[in-house]
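One structure is given below, encoded as structure tokens.
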Amino acid sequence: MLISYKWLQKYLPDLNKFAPEAIAEALTISIAEVENIHKVRSGLKNIVVGEIIQIEKVPDSDHLNLCQVLTDQNNPKRTIICGASNVKEGMKVAVCLPGGFVVNPKDPNKFFEIKEINIKGILSSGMICSPCELGLTDVHLEILALEPELPVGMDLVPLLQDLIFEVENKALSHRSDCFSHLGIARELSAILKIKFDSQLLEEYPIIPAASLDYSIEINVPNELCPRFCAVALKDVEVKNSPFWLQAQLTAVGIRAINNIVDVTNYIMLDKGQPMHAYDYDKMAEKKLIVRTAKTKEKVNALDEKTYELNKTMVVISDAESVEDIAGIMGGAKTQITFATKNIILEAANWEMYNIRKTSRTLGVRSEAGTRFEKGLDPNFTMLGLKSAVKLISDITDAEIASTIYDHYPNPVLETIIDFDINLISRLIGIDLSKQQIIDTLKSLQFEILEETNSDDSNVNQVSQSQIKIKVPTFRRDIKIKQDLLEEVARLFGYQNLKPTLPLRDLTPVLQNQDTILFRKTQDILVGLGFDELLTYSFTNSNAVKKSNLEIKDYLEINNPLSPELALMRNSLLPNLLEKVKDNAKNFSNFQCFEIGRVIESEMTPDNLHEQPHKLCLVIYNSEAENLFTEIKGSWEILAQALNIQANYLNTENNWKFANMMHPKRVALIQCNNINLGFIGEIHPQVLQNWELKGRVAILEINLDQIIPLKLIAKAYQPLSPYQEVTRDLSLWFDRNTKYADIIKEINSLNNSLIKEINLVDIFYLPENTSEKSITLRLSLQSQEKTLTDKEINETTDNIIKVLETKLKAKLRT
Amino acid sequence: MADKQVQTTFELSKLLNDIKEKASSNIIAAKNSEEIEFERVNYLGRKSELTFLLKQLKNLDLEAKKLIGAQANQLRQDINILLLKQEKKLQASELSQKLTTEEIDITLPGIKKLRGHLHPVTQMQRRAEDIFQSMGFQIVYPYELDDDAHIFSLINFPLGHPARDNWDTFSTIDGFMPIPHTSAMQNRVISTITPPVKVIIPGRCFRNEATDARHEHTFFQIEGVYVDKGIRLTDMLGTLKTFFTEFYERNIEVKFTPDFFPFVEPGGMMSLTCVLCHGKGCKVCKGSGWLEILGCGMIHPEVLKAANIDPDVFSGFAWGFGLERLMMMKYNIEDVRHFYNGNLKFLRQF
Numbered sequence: 001m002l003i004s005y006k007w008l009q010k011y012l013p014d015l016n017k018f019a020p021e022a023i024a025e026a027l028t029i030s031i032a033e034v035e036n037i038h039k040v041r042s043g044l045k046n047i048v049v050g051e052i053i054q055i056e057k058v059p060d061s062d063h064l065n066l067c068q069v070l071t072d073q074n075n076p077k078r079t080i081i082c083g084a085s086n087v088k089e090g091m092k093v094a095v096c097l098p099g100g101f102v103v104n105p106k107d108p109n110k111f112f113e114i115k116e117i118n119i120k121g122i123l124s125s126g127m128i129c130s131p132c133e134l135g136l137t138d139v140h141l142e143i144l145a146l147e148p149e150l151p152v153g154m155d156l157v158p159l160l161q162d163l164i165f166e167v168e169n170k171a172l173s174h175r176s177d178c179f180s181h182l183g184i185a186r187e188l189s190a191i192l193k194i195k196f197d198s199q200l201l202e203e204y205p206i207i208p209a210a211s212l213d214y215s216i217e218i219n220v221p222n223e224l225c226p227r228f229c230a231v232a233l234k235d236v237e238v239k240n241s242p243f244w245l246q247a248q249l250t251a252v253g254i255r256a257i258n259n260i261v262d263v264t265n266y267i268m269l270d271k272g273q274p275m276h277a278y279d280y281d282k283m284a285e286k287k288l289i290v291r292t293a294k295t296k297e298k299v300n301a302l303d304e305k306t307y308e309l310n311k312t313m314v315v316i317s318d319a320e321s322v323e324d325i326a327g328i329m330g331g332a333k334t335q336i337t338f339a340t341k342n343i344i345l346e347a348a349n350w351e352m353y354n355i356r357k358t359s360r361t362l363g364v365r366s367e368a369g370t371r372f373e374k375g376l377d378p379n380f381t382m383l384g385l386k387s388a389v390k391l392i393s394d395i396t397d398a399e400i401a402s403t404i405y406d407h408y409p410n411p412v413l414e415t416i417i418d419f420d421i422n423l424i425s426r427l428i429g430i431d432l433s434k435q436q437i438i439d440t441l442k443s444l445q446f447e448i449l450e451e452t453n454s455d456d457s458n459v460n461q462v463s464q465s466q467i468k469i470k471v472p473t474f475r476r477d478i479k480i481k482q483d484l485l486e487e488v489a490r491l492f493g494y495q496n497l498k499p500t501l502p503l504r505d506l507t508p509v510l511q512n513q514d515t516i517l518f519r520k521t522q523d524i525l526v527g528l529g530f531d532e533l534l535t536y537s538f539t540n541s542n543a544v545k546k547s548n549l550e551i552k553d554y555l556e557i558n559n560p561l562s563p564e565l566a567l568m569r570n571s572l573l574p575n576l577l578e579k580v581k582d583n584a585k586n587f588s589n590f591q592c593f594e595i596g597r598v599i600e601s602e603m604t605p606d607n608l609h610e611q612p613h614k615l616c617l618v619i620y621n622s623e624a625e626n627l628f629t630e631i632k633g634s635w636e637i638l639a640q641a642l643n644i645q646a647n648y649l650n651t652e653n654n655w656k657f658a659n660m661m662h663p664k665r666v667a668l669i670q671c672n673n674i675n676l677g678f679i680g681e682i683h684p685q686v687l688q689n690w691e692l693k694g695r696v697a698i699l700e701i702n703l704d705q706i707i708p709l710k711l712i713a714k715a716y717q718p719l720s721p722y723q724e725v726t727r728d729l730s731l732w733f734d735r736n737t738k739y740a741d742i743i744k745e746i747n748s749l750n751n752s753l754i755k756e757i758n759l760v761d762i763f764y765l766p767e768n769t770s771e772k773s774i775t776l777r778l779s780l781q782s783q784e785k786t787l788t789d790k791e792i793n794e795t796t797d798n799i800i801k802v803l804e805t806k807l808k809a810k811l812r813t
Numbered sequence: 001m002a003d004k005q006v007q008t009t010f011e012l013s014k015l016l017n018d019i020k021e022k023a024s025s026n027i028i029a030a031k032n033s034e035e036i037e038f039e040r041v042n043y044l045g046r047k048s049e050l051t052f053l054l055k056q057l058k059n060l061d062l063e064a065k066k067l068i069g070a071q072a073n074q075l076r077q078d079i080n081i082l083l084l085k086q087e088k089k090l091q092a093s094e095l096s097q098k099l100t101t102e103e104i105d106i107t108l109p110g111i112k113k114l115r116g117h118l119h120p121v122t123q124m125q126r127r128a129e130d131i132f133q134s135m136g137f138q139i140v141y142p143y144e145l146d147d148d149a150h151i152f153s154l155i156n157f158p159l160g161h162p163a164r165d166n167w168d169t170f171s172t173i174d175g176f177m178p179i180p181h182t183s184a185m186q187n188r189v190i191s192t193i194t195p196p197v198k199v200i201i202p203g204r205c206f207r208n209e210a211t212d213a214r215h216e217h218t219f220f221q222i223e224g225v226y227v228d229k230g231i232r233l234t235d236m237l238g239t240l241k242t243f244f245t246e247f248y249e250r251n252i253e254v255k256f257t258p259d260f261f262p263f264v265e266p267g268g269m270m271s272l273t274c275v276l277c278h279g280k281g282c283k284v285c286k287g288s289g290w291l292e293i294l295g296c297g298m299i300h301p302e303v304l305k306a307a308n309i310d311p312d313v314f315s316g317f318a319w320g321f322g323l324e325r326l327m328m329m330k331y332n333i334e335d336v337r338h339f340y341n342g343n344l345k346f347l348r349q350f
């Protein structure tokens, strides 16, 4: 929001005692950040009102005029050559005198100097300015005609120059009263403790001098239209606004259109009340009907667009068509043009939520909508309307042509809040006297009712601290005592607060088990050489398809930023594969991991999507032939650290990731009969889809399932003082024999001497297609004694025997 | 045997002298530890001449036995000393040999070892978590996809409230929202923990805004909630000042300026002493000496009520700040999009 320093001065006569930076700082500290201070048209110089006395053609020119212009009553006319075709004798114009500066039409932030110049042998001493050169518009037009009342020689620069505070809107979302110069001035008067001139708030009496017939129907519930006011004006001469009004509006970034539209805009920026003017003569049956729109009803709006409406939207129509989307934008047919003669001026109050919904549904943002959707005070509707009538009467010869229509079924009254001043020290942490608190609230135009007299000895302590506060109706944000706290605290100045620390007991912090698990996992993986990376929680159908996964498992976003971010991830893998592809350009092998939530379609008991934390490991290698055992080795270290005793199972055909994973190199990971996830190599087809040259091995497990398993570390084994012996056993097995089955059989012997079994070697003979040789290394040790050859041989013989009988193994000789 | 008996003491003594001479020349000629070992066996071993001679001592008369025995033992000692000396000599030369030949270029790089890297966001998250935990805050992680009630209604953003517009939310086709703020967890935290509530909520948040070097639709926020009896606005200032002072390992001043967030009253933005210029004013803080870092305020009574906490008895404060911005300032990172684009060349620098 742009706030004009000059405009504020109308309400705050003493504002000039403060530097603009001090004002900006005061606003920032106490209400909303001033993001910037702009100087408007700061380079303009020496521009005065001139009167064109005489015009002649410049000899030898088809378009140049030789103008005699009076710019000073006490000095002779000056000669100015002007190329504009709209110059007329007797016209009042803005003249830039030699040595003065005007806006550079090519760059509105730059200025150029006007010098006396010789044109076709004639000395031109000054320039007659166009609106563009004065910085009133960026559209190139002919010279600006000033209103005839302006005195010759009057300095126009002070009207054009201004300082603009750019105030951040967001901090004012709850302060509808601050979306105006009046509102900001009121705040500043309290913050800076300076006088607020309330003269401009006096209501102007409306006395009809003419008559125009029209009727108004309100066909919506009162909640949707708390107030509706209107008045007719006759014989309005629609023309350009007076110079000061154009200068003032353009200084705050509002385009000057014509005097009527400009007045409605001016009043909105001044008092905060949006309003709308209708061309009376174009109104079908001279009716204004406030109603809800019909389904698919269309409106041709002022922005030259057509909008399709629905039944929840409030509109104002005449007997034929919608002429205003209530609180948002007017209609094209009845808009004010230079041909308009008679008008109906309307000011209303609309329900904020409905306005916001309409504005969002239609995608229309307007200055009026921005104000209405914050919730305006209906007690200001009339002030707005009357101020507009007064201003139109001042600048045109229009006659008031009706009494004011006022639909205000449920007038809003002031809220009364019982306030305990001790709350200030209890919740803010500052000690202020009762008088300081009262003075602060009064400066913001709160009224203090039933102030208890502190000298009265009958009054007890409790009631001494209680005050009743009447909240002005424009402060719709003040509803409860905590709201008043903020008022006092921010005016006291947050910068004056002294930081304190809350008192707390020595109870140890409850540790989050997830934090411990995540950190342990991350640390082990980092130690194993995995880089942690984070990918978006969003993914896209392309990545999902390329990964041979099902789109239906991925929840769709209604309003994605782009198609690449249209789905919530159901697995970390599609995004990680994308990152593998990106990194494979730079690295021939790497390993990385991510821990993050995924969105499942299953719902939790409190009706949210299940969103477990998943861990995903990825190994990429452009040359390796077998990455399965590579990733399994890393996983085994992690599993051991997390006390996971994993089983590896074959996957089933209808498994969700079946098409993504290499069918011969994938396993489900189970622990205590719970599926934790899976491990394996990516399907060659998927590698092709992603145009990956190397292999990719991955692991995805659900970390949220680990803590409930309550896994505990293996009990400590006392170290044996006796020698450990190792024996290698080489046996032939059927090719399809699983290693896990071999271990299972050996473990079934329950031989306490076997401390460890390790795989040493597997080999295949080319001529033997049905068998494989496996060499195992056994570590044998007793807790009680040194093992004898006999005991060692007995153990190995038993192992050989069980493998021979159960798995048809043959000892390799 | 009879012949040998005739060997005189003189002969024997001469024999020992011969052995001594041979041994000294051979041992001195030994060039390495194997050769020394060979000489040791040769002259002192079970099959050596000396051993053979000593075995014959028993046949001599007492006087000769004494004489020759002493000479033989002396010889044995001498040979041992010779061997030892030669061994020492060889070791010394081997050592100097090693020291002269084993020179390497110490500026050669080490053998490449694999080291993983924690993501910078994780590193920063841990640091913040650790400090807050040491200050008594418990960690609770938010959901990533939550419902309207928890994201807005229960923390005082009624349906249709214009403040919702500032949160630029995404929504899913079944009516949930990727959380636009970690405050989505506030109601659950306040309603399930008996005061004092001291919780931080670190998690991912999502905003539907176009991305560029300074804006990301995904960011990492750390929310904090403190509810107890007698909690004041100044306690919030102190708590955050303490945290950031610890976080930046230098005294940080805080400044609170008003702003509007429906879930706090009073609410505002907190600025910290600019950590780059120490408050002197620089390009990053636009010359102000302050950096606006977080939104915070006293928890709105409606938020407490919605969590069944009596606002007349309890009060509290809450805040939320993003991690990425702190990191960008700390490491001079020019583009926020680096954090989630998974480029190992970026990640391996942390």
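Just so you know, the sequences run in chain order A and B. Counting from 1, position 371 in the first sequence corresponds to residue 371 in the numbering used here; the numbering is continuous, with no gaps. Counting from 1, position 219 in the second sequence corresponds to residue 219 in the numbering used here; the numbering is continuous, with no gaps. Built from N, CA and C at the ideal position, the CB exists for glycine as well.
Query                                                                                                                                                                            : Result
Identify whether Cys-205 (chain B) lies in helix, strand or coil by the three-state DSSP scheme.                                                                                 : strand
Compute every distance between the C-beta of His-181 (chain A) and the non-hydrogen atoms of the ligand GDP, then say whether any falls below 7 Å.                               : Annotation note on the ligand GDP: not contained in the displayed structure, which lists no ligands.
Are Val-871 (chain A) and Gly-135 (chain A) touching if we call contact CB-CB under 8 Å?                                                                                         : The question about residue 871 (chain A) has no answer, for chain A in this structure spans 1 to 813.
Assuming Asn-118 (chain A) contacts Lys-110 (chain A) (C-beta within less than 8 Å), just tell me the rounded distance between them.                                             : Contact flag wrong, Cβ pair sits at about 25 Å.
If you check the beta carbons only, do Ile-201 (chain B) and Glu-216 (chain B) fall under 8 Å apart?                                                                             : no
Just checking: is the beta-carbon of Ser-173 (chain A) within a distance shorter than 8 Å of some beta-carbon in chain B?                                                        : yes
On the three-state DSSP scale, how would you describe Phe-346 (chain B)?                                                                                                         : helix
Between Glu-246 (chain B) and Ser-433 (chain A), what straight-line distance do the alpha-carbon atoms span, to the nearest angstrom?                                            : 35 Å
Gln-273 (chain A): which of A:Asp-377, A:Leu-141, A:Ala-251 sits nearest, CA to CA?                                                                                              : A:Asp-377
Using DSSP's beta-bridge definition, name the partner residues of Ala-232 (chain A).                                                                                             : A:Ile-344
In chain B, which residues lie less than 8 Å from Phe-587 (chain A) when you measure between Cβ atoms?                                                                           : Leu-344
Span of the alpha helix (DSSP H) holding Lys-581 (chain A)?                                                                                                                      : 573-584
Is Tyr-226 (chain B) close to chain A, meaning its C-beta is less than 8 Å from at least one C-beta of that chain?                                                               : yes
Just to confirm before moving on: does the CB-CB distance between Ala-667 (chain A) and Phe-657 (chain A) stay below 8 Å?                                                        : no
With a threshold of 6 Å on Cβ separation, who are the neighbours of Ile-421 (chain A) within its own chain once the five nearest residues in sequence on each side are excluded? : Lys-434, Ile-437, Ser-465
In chain order, what residues of the same chain lie with their CB nearer than 6 Å to the CB of Ile-31 (chain A), ignoring the 5 residues before and after it?                    : Glu-187
Quick check: the Cα distance between Pro-205 (chain A) and Asp-406 (chain A), rounded to an integer number of angstroms?                                                         : 14 Å
Could you compute how far the alpha carbon of Ile-47 (chain A) sits from the alpha carbon of Val-157 (chain A)?                                                                  : 6 Å
Between the region 78-91 of chain A and chain B, which residues of the former have CB atoms less than 7 Å from a CB of the latter, in chain order?                               : none
Just checking, does the region 546-559 of chain A make contact with the region 641-660 of chain A on the three C-beta pairs under 8 Å criterion?                                 : yes
For Glu-39 (chain B), collect the residues of the same chain with a Cβ closer than 6 Å to its Cβ; drop the 5 residues on either side in sequence, then sort them by chain order. : Asn-26, Ile-27, Ala-30
Quick one: what does DSSP say Arg-735 (chain A) is sitting in, helix, strand or coil?                                                                                            : coil
Looking at chain B, which residues of the region 511-532 of chain A have a Cβ within less than 9 Å of any of its Cβ atoms?                                                       : Gln-511, Asn-512, Asp-514, Thr-515, Phe-518, Arg-519, Gln-522, Asp-523, Leu-525, Val-526, Gly-527, Leu-528, Gly-529, Phe-530, Asp-531, Glu-532
For Asn-558 (chain A) and Tyr-536 (chain A), I'd like the C-alpha separation in whole angstroms.                                                                                 : 17 Å
Cβ of Asn-251 (chain B) less than 8 Å from any chain A Cβ?                                                                                                                       : no
Kindly indicate the opening and closing residues of the beta strand (DSSP E) around Pro-663 (chain A).                                                                           : 661-671
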